[in-house]
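Here's the structure we're looking at; comments come further down.
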Amino acid sequence: MMFTNPPSKANSEDALVLNGEPIVISAVVDVARGRQVSVAPACIERLKQARGAMLLTLENGKPVYGITTGVGALRGIKVDPAEAAHFNRLLILSHRVSHGDTVPRAVVRATMLCRAQGLSMGGAGVRPAVIEALTGALNADEIPTVHAIGSVGQADLVPLAEIAEALIARGLVLQAREALALIGANSFSIGWAALALDRADRSNRALEAAAALTMEGILYNPDAIDPAVYKAHPSTGLKQSVLRLRELLAGGAILSGEQPPRLLQDPLSLRVVPQTHGTVRDAWRQAVEAIETELASASDNPLLTPDGRLLSVGNFDASG
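For the sequence shown, my numbering assigns the number -13 to the initial residue and increments by one for each residue that follows.
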């Protein structure tokens, strides 16, 4: 799926402010189109506190995955604190194995926003500098090249490693925990899905408009879009579709009764338009709920809890 570049929204006065609270799909779409991003001062302070809590937890000497140990098959190997910088560098390099076609810049921008949003929740325990590196690259429109093939299937390690490498090239120096925090998430999948859902919504609305024109043009029998239809079959999507079609047809010949229907019963392909489009609306709404749940989530592993514990979890695997 390719994405064109709609008009840019690069006005800094209209920047999306990340504050550690949930965002919605439309915010992802706006940033993918060029809207700038900032981090709220209160969020920065919370991130500093979370970073301090994470470092304090490490002082007890308890092994913590990806911080004091290796990752994956190397999770049993101890990482000395003095080697943290070198370990972080190797972790990024070892996951830069993607190949294939490059993904659209809009998808990369959406991915970068989703990772910044996830980190703003505080569950990773990274410094504010990591989020500011992501937002700084977005605002400068310095968007890295990311390839479509190469993820291992759990979290978007490989495409996120390409983004992390670009941030390092811009001057970000990673400290303990921060390499894994940048790549151990589902931001690539979530960002791309957000753009796909926006396009799906616009496509369905366009198809409903085309259907309404067809109905008017052939003198469709309006029985099939009578409000009694969705009352007899209480589907949210069906109701929305019927009401949308009636809105589009308002003032025309078939709803006003100026012209009688051409047929007593229209062909099935036209009669079930509201049911078909209603099913699409129901599926779309379910997908939106899943993606916006992810946009409200800390998908970090290990996860820093509000009471300062570091838990080994699987929130990087989207639940929707």
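Glycine included, each C-beta is placed from N, C-alpha and C at the ideal position. Computed from a predicted model, the values in this text were never measured in an experiment.
Here's the rule I'm using: 16 or more other beta-carbon atoms within 10 Å means buried, otherwise exposed. How should residue i be labelled?
{"i": "V159", "result": "exposed"}
{"i": "G294", "result": "exposed"}
{"i": "E278", "result": "buried"}
{"i": "P49", "result": "exposed"}
{"i": "S283", "result": "buried"}
{"i": "Q22", "result": "buried"}
{"i": "E151", "result": "buried"}
{"i": "V17", "result": "buried"}
{"i": "M(-13)", "result": "At M(-13), the pLDDT of 42 sits below 50, so the modelled position is not reliable and the matter cannot be decided from this model."}
{"i": "L296", "result": "buried"}
{"i": "P(-8)", "result": "Confidence at P(-8) is low in this model, with a pLDDT of 47, below 50, so the placement of that residue is unreliable and no value is reported for it."}
{"i": "R19", "result": "buried"}
{"i": "F(-11)", "result": "Here the model assigns F(-11) a pLDDT of 45, short of 50, so the residue's position is not dependable, and the following value carries that caveat. Result: buried."}
Look at the Cβ atom of residue i, then the Cβ atom of residue j, and state whether they are nearer than 8 Å.
{"i": "V15", "j": "V83", "result": "no"}
{"i": "S227", "j": "H263", "result": "yes"}
{"i": "K34", "j": "P114", "result": "yes"}
{"i": "I135", "j": "G86", "result": "yes"}
{"i": "M40", "j": "L281", "result": "no"}
{"i": "A147", "j": "D286", "result": "no"}
{"i": "A110", "j": "L153", "result": "no"}
{"i": "A273", "j": "L183", "result": "yes"}
{"i": "A171", "j": "D142", "result": "yes"}
{"i": "W178", "j": "V266", "result": "no"}
{"i": "M308", "j": "L235", "result": "What is shown of the chain runs -13 to 306, which leaves residue 308 out entirely."}
{"i": "P208", "j": "L241", "result": "yes"}
{"i": "G223", "j": "G108", "result": "no"}
{"i": "L2", "j": "C29", "result": "no"}
{"i": "I332", "j": "G56", "result": "Given a span of -13 to 306 for the chain in the structure shown, any question on residue 332 remains unanswerable."}
{"i": "S24", "j": "T121", "result": "yes"}
{"i": "I211", "j": "P260", "result": "yes"}
{"i": "V112", "j": "R37", "result": "yes"}
{"i": "R95", "j": "I129", "result": "yes"}
Can you name the residues that DSSP bridges to residue i?
{"i": "K307", "result": "The shown model of the chain, from -13 to 306, leaves out residue 307, and the question about it has no answer."}
{"i": "L4", "result": "V25"}
{"i": "I169", "result": "Answer is none; I169 lacks a bridge partner."}
{"i": "E88", "result": "A small fix is needed here, since residue 88 is Thr in this sequence, not Glu. Paired residues: H133."}
**Asked** Given 8 Å as the limit, is there contact between the stretch 185 to 200 and the stretch 98 to 107, that is, 3 or more CB pairs closer than that?
**Response** no
**Asked** At which residue ranges does the stretch 258 to 301 contain complete alpha helix (DSSP H) runs of 4 or more residues, listed in the order of the chain?
**Response** 259 to 281
**Prompt:** Taking the runs of the alpha helix (DSSP H) that are 4 residues or longer, which of them lie wholly in the stretch 122 to 196?
**Reply:** 143 to 155, 164 to 169
**Item:** Touch test, the stretch 155 to 169 against the stretch 74 to 88, Cβ-Cβ under 8 Å, three pairs minimum
**Value:** yes
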